[in-house]
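Asks: Once you've had a glance at the structure underneath, I'll fire off some questions.
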């Protein structure tokens, strides 16, 4: 894996580990209860993130079967990518983007340890594919983003980071209304075994 891609991968993996560590203190109920009717629970948000990465990784792997056919990234896609990620980084919400069908079909409940294992396995697959990708295709349009258009591998991983940050804010808003499992127990019931 080239240095720039390795750095981007490390950044998203640290982000994932931080989120999972943060959520470890919460009960199954807190993780799986939607904050309001028609809204996703934390588990459903995590499932959406996993499905999004899984879908793009599948597409990426398919494209690598015929690397000579991968088109270049156009200038307009680079500009759209910058605008799109800047919109999210600024925390703007006046334009809502609907999740693609493949990443919005989420189950009602999923245990956190299962989500953690699935996301970890997916990231290991991502790392393996990134390491095996020939250098000459790194800057080609590996993924066709629904809004931005074709983006290269570095931008795909950068999008993962931006996308996770966006949803991490949603998760934190849900958690503001809930207390960590350990904090809910009366002090006399906290026992170290």
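Residue numbers (my numbering): 124 to 316.
Beta carbons are placed, not taken as given, at the ideal position from N, Cα and C, and that holds for glycine.
Helix, strand or coil: how does DSSP classify residue 263 here?
Replies: Position 140 of the chain shown, counting from 1, holds the residue named residue 263. Strand, per DSSP.
Asks: So for residue 158, helix, strand or coil by DSSP?
Replies: The residue labelled residue 158 in the question sits at position 35 within the chain shown. Coil at residue 158, not helix or strand.
Asks: Less than 8 Å between the beta carbons of residue 273 and residue 194, yes or no?
Replies: The residue given as residue 273 occupies position 150 in the chain shown. The residue given as residue 194 occupies position 71 in the chain shown. A contact, by the Cβ cut-off of 8 Å.
Asks: My parser needs the alpha helix (DSSP H) runs of 4 or more residues fully inside the stretch 229-300; what are they?
Replies: Counting only runs of 4 or more, we get 235-255, 276-299.
Asks: Specify the secondary structure class of residue 195 as computed by DSSP and reduced to three states.
Replies: By one-based count along the chain shown, residue 195 stands at place 72. Three-state DSSP puts residue 195 in a strand.
Asks: Could you give the distance in angstroms between the alpha-carbon of residue 154 and the alpha-carbon of residue 289?
Replies: As a working mapping, residue 154 is identified with position 31 in the chain shown. As a working mapping, residue 289 is identified with position 166 in the chain shown. Distance between the alpha carbons of residue 154 and residue 289: 18 Å.
Asks: How would you call residue 198, buried or exposed, if buried means at least 16 neighbouring beta carbons within 10 angstroms?
Replies: Translated into positions along the chain shown, residue 198 becomes position 75. Answer is exposed; the Cβ neighbour count stays below 16.
Asks: Please report the straight-line C-alpha distance between residue 189 and residue 245, rounded to a whole angstrom.
Replies: Indexing the chain shown from 1 puts residue 189 at position 66. Indexing the chain shown from 1 puts residue 245 at position 122. Each residue's alpha carbon lies about 22 Å from the other.
Asks: Under three-state DSSP, which class holds residue 177?
Replies: Along the chain shown, read from residue 1 onward, the residue named residue 177 stands at position 54. Correct three-state label for residue 177: helix.
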